[in-house]
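Trainee:
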């Protein structure tokens with residue numbers, strides 16, 4: 057798998073890289089949110105140039121974002137990435153797990169996975185390699201969007 061990691065913590069980035077490369081994955085590290093979005097868009101352009109038949113093909117199988125970065129938070133980075141390609145799979149890591157879940161669920165219209173930064177190596181590998189979880193989350197997104205539309209209709213009728 058091709059994996060893009062956005063985190064300003066060098067030790068965390070190196071840890072992720074070692075774990076995932078040892079599993080046979082290709083890992084690209086970015087240290088700022090802005091650099092992460094630029095790297096993503098640059099790679100997306102290459103994919104689109106080489107594969108014009110599928111314009112939504114993501115350049116990375118998964119993007120792992122630190123929820124807290126100094127220049128922009130992970131949510132802002134995710135918004136930039138999803139604006140470029142709404143089909144990108146994203147995993148957040150956060151120390152403040154509850155806050156990350158709450159903010160992310162409110163603001164993003166795409167399913168994402170959120171992991172505690174205190175996760176074990178096995179949890180990281182499992183989250184990255186288990187694409188079935190993401191497929192299930194996409195189904196949940198459809199159900200949530202239907203529910204929101206129903207709520208909007210009820211509010212307009214009242």
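In our numbering, the protein residues as written are 57 to 214. Note that CB positions come from ideal geometry on N, CA and C, so glycine has one too. Model, not experiment: these values are computed from the prediction.
1) Spell out a yes or no on whether the region 102 to 121 and the region 57 to 64 are touching, meaning 3 or more CB-CB pairs, one atom from each, closer than 8 Å.
2) Check whether the Cβ atoms of residue 68 and residue 84 lie closer than 8 Å to each other.
3) Am I right that residue 146 and residue 183 are in contact with their C-beta atoms under 8 Å? What's the rounded C-beta distance?
4) Is residue 88 near residue 123, with beta carbons less than 8 Å apart?
5) Measuring only the C-alpha atoms, how far is residue 80 from residue 57?
6) What's the C-alpha gap between residue 76 and residue 185?
7) Looking at the structure shown, is residue 57 part of a helix, part of a strand, or coil, going by DSSP?
8) Once you ignore the five residues that flank residue 113 on each side, which residues in its own chain have a CB closer than 6 Å to its CB?
Mentor: Well, looking at it:
1) yes
2) Translated into the one-based positions of the chain shown, residue 68 becomes position 12. Translated into the one-based positions of the chain shown, residue 84 becomes position 28. Cβ distance not < 8 Å, so residue 68 and residue 84 don't count as in contact.
3) Within the chain shown, numbered from 1, the residue matching residue 146 stands at position 90. Within the chain shown, numbered from 1, the residue matching residue 183 stands at position 127. That pair is no contact at about 11 Å.
4) Position 32 of the chain shown, counted from the start, is the residue given in the question as residue 88. Position 67 of the chain shown, counted from the start, is the residue given in the question as residue 123. Cβ atoms of residue 88 and residue 123: not closer than 8 Å.
5) In the chain shown, residue 80 corresponds to position 24, counting from 1. In the chain shown, residue 57 corresponds to position 1, counting from 1. If I take the Cα positions, the gap works out to 8 Å.
6) Residue numbering aside, residue 76 sits at position 20 when the chain shown is read from its first letter. Residue numbering aside, residue 185 sits at position 129 when the chain shown is read from its first letter. Straight-line Cα distance between these residues: approximately 10 Å.
7) Counting from 1 along the chain shown, the entry for residue 57 is found at position 1. Coil, per DSSP.
8) Translated into positions along the chain shown, residue 113 becomes position 57. Closer than 6 Å at Cβ, skipping near neighbours: 103, 107.
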